[in-house]
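Note that this note's numbering has the sequence shown beginning at 6, numbered continuously upward.
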Amino acid sequence: MKTIFYVYVLLLLTAIVACETEGIVLGEDYELQLNETVDFAAGGFTILFDEVTEDSRCPIGVDCIWEGRAVVKLVVAEGTDSTDIQLATYNSINLDSMLIAEYQDYSIELKEVNPYPHIDSLMNGNEPDYSILIHVDEL
């Protein structure tokens, strides 16, 4: 009976460790929180969601002339080398010119920046807890 218990505990610990070390999977969307770093084992590099450099998206509850955009800075690191990448949401001015960046033999696509601004949050001065949805694929 004790052996079965220890086997279950070992399997549970293995599952927990596997979940913690899971990184970006090629061809799947991945959510990153602000200041979070994730491993991309297939490419041998990490991606850090460093900052939101612009969020001019038209808030919900406001009528705007332009829909605006959100621009984020990612830091892609391989060993001691790092590269800054700027990505932006789709908008009618630059269309998709900053939606996708290339690094090595991979494309890094910005799918979403969350939360979308809302007039109530802006009026209260609340700083959003940003997250992004990215997609990494082979070129």
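Positions of the beta carbon are idealized from the N, C-alpha and C atoms, including for glycine. These numbers were taken from a predicted model, which means no experiment stands behind them.
Legend entry - Segment limits, beta strand (DSSP E) that includes S112: Y111 to N119
Legend entry - CB of L53 within 9 Å of CB of V80, strictly: yes
Legend entry - Span of the alpha helix (DSSP H), counted from its first residue to its last, around I105: Note, I105: premise wrong, no alpha helix (DSSP H); beta strand (DSSP E) at I105 to Y108.
Inset, instruction - With distances taken Cα to Cα, identify the nearest neighbour of Y108 among N129, E83 and N131. - result: E83
Legend entry - 6 Å CB neighbourhood of L15 in its chain, flanking five on each side removed: Low local confidence applies: a pLDDT of 46 at L15 is under 50, so the model's placement there is unreliable, and no value is given.
Legend entry - Cutoff 6 Å; reference G32; Cβ partners in own chain excluding five residues on either side: D142
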